[in-house]
Structure formats: C-alpha cells, structure tokens
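Structure, as structure tokens:
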Amino acid sequence: MELPKALEQFVPQHNTLFLNLKTTDPAELVAEGHPFGWVLRVIQKEDADKEEFSEALKLAVFNLDKLPEEERNQWAKLMWYLVLLIIHRRDEEERPEMISVLNETVRDRNRREEVLKMGRTAAQALMEEGEVRGALRTRQEVLLELMQDKFGSVPDRVERQIKAIRDMNRLRELTRRVPKANSVDEIGIE
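Using our numbering, read the sequence shown as starting at 234 and increasing by one per residue.
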C-alpha cells in the first residue's frame, strides 16, 4: 500500500537483532551490566549439567539482587522468568533444588519470601494442570470402557477422536449417551 509522503514520518522503524544464544560469548551478554543479560546467560546454560546451570543461576541472582528497590518490579519479572525456566526446562527431580538455589542466593529477606511464593505458585500450577489432564484421561477411559462393554469394540478412528477431546463437558455428554445408543455412531462423537 502506498503511503503519502507526509505520513511516512509516522511509520515506526525497527531494527531487529537475532541473537544466537548458543554461539554468543557469555561475557558479551553481561558487558553492559543489564539485568536481562544475566538471565540470557542462564538461558544459555539451560541444557547444561546441574552444577553448571546452578552456577549460572547463582551468578544471575547475585547480579539481579543488585537492582535497587525502585526496580523491584523488574527484579520480580526476571526472577519469575527464572522460576518458569526451571519449572519448564529442567528435569523434574532437580527443580526443587534449583528453586532452593534461587531462594538461598537472594540476600534480602522480603525478596527471598517472594521467590519462595513464586516457586510454590509455579509448582501448584503444574499440579493443577496435571490434575486436569488426569481427570480428562480418566473420563476418556470411562467413555471408551462403556462403549466397549456395550458394543464389543470401538473403531480406532473413534478411539483417537475421543482421546483428542479436551472438553470435560463434551466427554460427560458423550458418556451419558452410551446407555441409550444402539451403535457407536448414535453417540455422535464426530
């Protein structure tokens, strides 16, 4: 679309930096001393062994802790990101230890309590997500078992469709239809 010359000055200009963290020198990331650089160094180590990751985490937290109280909001966002990185990118068995590393490295007591809450909140969210998935899986299995009991077997295509359903109410509705149905098709899975 052609833009009038008079309006060109209002079109934003952006320069995009594509940064390959795997090949960027870690010292380059923190050369300016920006807090986000320390978080990027931790991201660089996300696939490293536990000790190496832990050291990067300690160094990042030590430097993030230098943020003044006026920048507490930025500190909290970066710490939350580190908590989520641990929860989503590290092995399940080392997560509590890495959250402890975060917590123990934070010097200020109030900030330490905040990190503890972040860790609990993330862990609670994972548990709730697991509970929902478990409930869906159970409901899918109950529906399949009822259909197998009533009709003998369930076509693979129908089984795949049932296992793809993520709506608990839909699964309940289909389960209620099984006793009245004379065939798999009458249940109306599609």
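C-beta: ideal position from N, C-alpha, C; glycine also.
Between E235 and E241, the alpha-carbon positions lie close to 10 Å from each other. Look at Q242 here: in three-state DSSP terms it is helix. Secondary structure at A309: helix, using DSSP grouped into helix, strand and coil. Around Q381, the same chain offers V387 as residues with beta carbons nearer than 8 Å, after the five sequence neighbours per side are excluded. Nearest to K278 by alpha-carbon distance, out of G270, F269, A289, W271, is A289. Short of 7 Å from the beta carbon of L262, and not among the five residues preceding or following it, lie these beta carbons of its own chain, in chain order: G270, L273, R274. A Cβ-Cβ distance of about 7 Å is found for the pair N296 and P268, placing them in contact under the 8 Å criterion. Taking C-alpha positions only, L379 is separated from T408 by approximately 8 Å. Rounded to whole angstroms, the separation of the alpha carbons of L252 and F243 is 28 Å.
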